[in-house]
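Chemist: Line order of the protein sequences matches chains C and X.
By my numbering, the letter at position 45 of the first sequence is numbered 45, and the numbering carries on one by one without gaps.
Just add 1000 to wherever you are in the second sequence, counting from 1, and you've got my numbering.
Protein chains: 2
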Amino acid sequence: MEFNKHLESIKTYEAGKPIELVVREFGIDPKDIIKLASNENPFGCSQKVQDAVSKIVKNMALYPDDSMLKLKNALAKRFGVDIKNLIIGSGSDQVIEFIVHAKLDEDSTVLMNSVTFAMYEIYAKQVGAKIVRTALQEHDLDEFYAMYQEHKPSVIFLCTPNNPTGDAIDAKSLLEFIAKIDDETLVVIDGAYMEYAIAKDASKKITPKEIVDRFDNVIYLGTFSKAYGLGGMRVGYGVASSSIIDALYKLRPPFNITTLSLEAASVALEDEGFVQESIENNFNEMKRYEEFASANSIEIIQSYTNFVTLCLNKGQNSSQLADSLLKKGMIVRDLSGYGLNAVRVTVGTPAQNDRFFELTPQFL
Amino acid sequence: MEFNKHLESIKTYEAGKPIELVVREFGIDPKDIIKLASNENPFGCSQKVQDAVSKIVKNMALYPDDSMLKLKNALAKRFGVDIKNLIIGSGSDQVIEFIVHAKLDEDSTVLMNSVTFAMYEIYAKQVGAKIVRTALQEHDLDEFYAMYQEHKPSVIFLCTPNNPTGDAIDAKSLLEFIAKIDDETLVVIDGAYMEYAIAKDASKKITPKEIVDRFDNVIYLGTFSKAYGLGGMRVGYGVASSSIIDALYKLRPPFNITTLSLEAASVALEDEGFVQESIENNFNEMKRYEEFASANSIEIIQSYTNFVTLCLNKGQNSSQLADSLLKKGMIVRDLSGYGLNAVRVTVGTPAQNDRFFELTPQFL
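In structure tokens form, the structure reads like this:
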């Protein structure tokens, strides 16, 4: 049977190996496996969220409130925007999917950074859009602007802090850049790790409110998967002008997040203490990765996230390192698929990081 | 900002009103609201599932095992198929979305019943496909075949039992029909309510195994949202030849169901007792709806599902009935949007149905 021709060019996204897979492949006891590959919150999620979800497990039989008003009200209050400026997705991934299907087709172009979140390309390929990428590894807004003028993209993806490298764009420069983009180009600011960046350096801070107040052609993406510790619940959001939100809503399937996810995300916003503690722990532990990199003469990219990217030297091989660690039950992300001789490591709990520092030197 | 032109023709899906909305709109106490509008399982979900999910709420921070092997193995065993014949979606809705995006575009045609599940059309419009519908209210396979020959559709949707009418296609005739369809046309058998049909009448029984064994161009869809009582967890599946599954997999976003949903669905398959009891209760209570319809001279469509469709008489108005019931806290589905002067009512618990029988006559 033949399928649409766009499918031929799509490569399935390779997620960080789940613990279950390592158990199966290597016969390692689950309790001996440490996964630092998917930038989950190593401190889990808020106890308040766990309690709230436990209380409503009976409701698994009931479809969620498809208006998602409780969650939207909480987000609107948090960000100082109106609920008409909000759309909820099954992870911010799904909002990316809506954006691509609403704005791109085989006659249009999308601009993104050389190294960035893989799903931008995967979704763009689903609709056959032309993908253009910068040459530089970090987001360089001058390069972005030159390529914008040359290619007239319908969508520009900016990931700040960037995944999988961890660096972040200066907020003032970013807003100046956006101001130069014409109204027909949709600019996406993917702030999946923004909570971390804000805590580390105020000059990286982009707020949904300033985006909505100033621009009709920009969407800000956020997620509950990282700092809020709800990666398994698949809840993200987009904040934008109501004209953008209305268009994306047409592509939103009903009931796109679960009843328990809706409750989890709503309650997570009430426990900012958990988030701030996670972030504080994260940057304390990150210092140890910086020391480790320095002690082992490895380059580490300055990170504004909950992960670090270790760029290996010539003679070292990121795929081999990741494989060797995997056989010891330590899962990290090899970035060779992104054209980098580097591994991305989620900053874990102190004990998880201890194990990384203990295991890794023997494989360098 | 301009968006892709297909969006202009898309109408957002109107889900059954959630209890939360009725609380807000009419100020009715949530405990006084009865929702018989979304064909959820009125008996909730299995206690075993609730217990299993409660045990792993900590894991909300962790992405699900994206291979979904535990659930796929359980489904494969249940249906006697290989895991390569399976794809899991966020509800069977999402598998419908994959099908549409894999097989349809603005140059192709999709054939569906005059009255059927609304999402087929909504997804088809997202890609600008030409939609053709039969004239008859029940699936008539002769009519389908004539229209297939005339329109050469790339996809044919068959919903059995059909939503929102409840009738089901004879299995033998259905298989004979499929055998006459050429290999390039993808036939979708949506069996969201099949567990109910099988319990009522073996002649309606379509099994995923016979589909996979006999046909390369057919996909069977099932869901955990109805008989398994997990509507809020968003888990459905497609069973088909590996060539179809491979193509759909290219459109599947990673982590498309939650960590808790994966556990819930896997455990739900271990508690067939709950499902069978739900179904038995359903058909016992359905008899009362048949008696009610007869006593009130209303036509009821013979139903193979967990809902009944009551076709009102001239002078009665389904929208008015649904509105009147809503103000009393009873939510049913008005089918006027489908061109029918009818209401669809989920068969509820005995107490819920009592309330329907008590309230409704005054509004007829």
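We put the beta carbon where it would ideally sit given N, CA and C, even for glycine.
For the segment 73-116 of chain C, list the alpha helix (DSSP H) runs that are entirely contained and at least 4 residues long, ordered along the chain.
Modeler: Counting only runs of 4 or more, we get 91-103.
Chemist: Could you name the residues of chain C that Asn-1041 (chain X) contacts, counting a contact when the two beta carbons are closer than 8 Å?
Modeler: Residues of chain C passing the Cβ test: Ala-61.
Chemist: Name the chain C residues whose beta carbon is nearer than 9 Å to that of Cys-1311 (chain X)?
Modeler: The contacting residues do not exist; Cys-1311 (chain X) stays about 25 Å from chain C at best.
Chemist: Mind checking who Leu-1158 (chain X) pairs with in its DSSP beta bridge?
Modeler: In the DSSP output, where bridge partners are listed per residue, Leu-1158 (chain X) has X:Ile-1189.
Chemist: Less than 8 Å between the beta carbons of Glu-195 (chain C) and Ala-171 (chain C), yes or no?
Modeler: Cβ atoms of Glu-195 (chain C) and Ala-171 (chain C): not closer than 8 Å.
Chemist: Of all the options C:Tyr-145, C:Val-127, C:Asp-354, which has the alpha carbon lying nearest to the alpha carbon of Arg-133 (chain C)?
Modeler: When each option's Cα is compared against that of Arg-133 (chain C), the closest is C:Tyr-145.
Chemist: Is it the case that the segment 1268-1284 of chain X contacts the segment 1112-1127 of chain X, given that we only count it when at least three CB pairs across the two stretches are under 8 Å?
Modeler: The segment 1112-1127 of chain X is not in contact with the segment 1268-1284 of chain X.
Chemist: So, does the segment 135-151 of chain C touch the segment 212-229 of chain C, judging by three or more C-beta pairs under 8 Å?
Modeler: Result no; under three Cβ-Cβ pairs closer than 8 Å.
Chemist: Find out if the Cβ-Cβ distance for the pair Leu-1056 (chain X), Glu-1263 (chain X) is shorter than 8 Å.
Modeler: Note that residue 1056 (chain X) is Ile in the sequence shown, not Leu. Yes, the Cβ-Cβ distance between Ile-1056 (chain X) and Glu-1263 (chain X) is below 8 Å.
Chemist: Run through the segment 212-270 of chain C for me and flag every whole alpha helix (DSSP H) of 4 or more residues, listed as ranges in chain order.
Modeler: Runs of the alpha helix (DSSP H) inside the segment 212-270 of chain C: 242-249, 259-268.
Chemist: With 16 as the cutoff for other CB atoms within 10 Å, does Glu-285 (chain C) come out buried or exposed?
Modeler: That one is buried.
Chemist: Which residues does DSSP list as the beta-bridge partners of Phe-1026 (chain X)?
Modeler: DSSP, once it has assigned bridges, lists no residue as partnering Phe-1026 (chain X).
Chemist: Please state whether DSSP places Leu-310 (chain C) in a helix, a strand or coil.
Modeler: Strand.
Chemist: If you draw a straight line from the alpha carbon of Ser-173 (chain C) to that of Lys-180 (chain C), how long is it in whole angstroms?
Modeler: One C-alpha to the other measures close to 11 Å.
Chemist: Is it buried or exposed, Asn-1041 (chain X), if we count other Cβ atoms within 10 angstroms and call 16 or more buried?
Modeler: Asn-1041 (chain X) should be labelled buried.
Chemist: For His-101 (chain C), go through chain X and note every residue whose CB falls closer than 8 Å to its CB, in chain order.
Modeler: In chain order: Asn-1004, Gln-1126.
Chemist: Go ahead and label Thr-1360 (chain X) buried or exposed: buried means 16 or more other beta carbons lie within 10 angstroms of its beta carbon, across all protein chains shown.
Modeler: Thr-1360 (chain X) should be labelled buried.
Chemist: Closer than 6 Å by C-beta to Ser-266 (chain C): which residues in its own chain qualify, once you throw out the five before and the five after it? Chain order, please.
Modeler: Here the set comprises Lys-70, Leu-71, Ala-74.
Chemist: When burial is assigned at 16 or more other CB atoms within 10 Å of the CB, is Leu-86 (chain C) buried or exposed?
Modeler: With 16 or more other Cβ atoms within 10 Å, it is buried.
Chemist: Tell me which residue opens and which closes the alpha helix (DSSP H) that Lys-1055 (chain X) is part of.
Modeler: Residues 1047-1055.
Chemist: Which bits of chain C does Phe-1357 (chain X) rub up against, with CB to CB less than 9 Å?
Modeler: Neighbours of Phe-1357 (chain X) on chain C: none; closest Cβ ~23 Å, over 9 Å.
Chemist: Taking 8 Å as the threshold (beta carbon to beta carbon), is Thr-1012 (chain X) in contact with chain C?
Modeler: So yes, Thr-1012 (chain X) belongs to the interface.
Chemist: Along the chain, where does the beta strand (DSSP E) that runs through Val-343 (chain C) open and close?
Modeler: Val-343 (chain C) -> beta strand (DSSP E) spans 342-346.
Chemist: Classify Leu-136 (chain C): buried if its beta carbon has 16 or more other beta carbons within 10 angstroms, exposed otherwise.
Modeler: Under this definition Leu-136 (chain C) is an exposed residue.
Chemist: Within 10 Å of its beta-carbon, does Gln-1369 (chain X) have 16 or more other beta-carbons around it, so buried, or fewer, so exposed?
Modeler: In this structure chain X extends from 1001 to 1364, so residue 1369 (chain X) is not present and cannot be described.
Chemist: The alpha helix (DSSP H) that contains Ile-1131 (chain X), what's its start and end?
Modeler: Element bounds for Ile-1131 (chain X): not the alpha helix (DSSP H) but the beta strand (DSSP E), 1130-1133.
Chemist: Does the CB of Ala-74 (chain C) have a neighbour CB from chain X at under 8 Å?
Modeler: With 8 Å as the cut-off, Ala-74 (chain C) does not count as an interface residue toward chain X.
Chemist: If we cut at 8 Å on Cβ distances, does Asn-256 (chain C) have a partner in chain X?
Modeler: Taking Cβ atoms only, chain X reaches closer than 8 Å to Asn-256 (chain C), which makes this a yes.
Chemist: Less than 8 Å between the beta carbons of Met-1 (chain C) and Glu-1106 (chain X), yes or no?
Modeler: It is not a contact, given that the beta carbons lie outside the stated cut-off.
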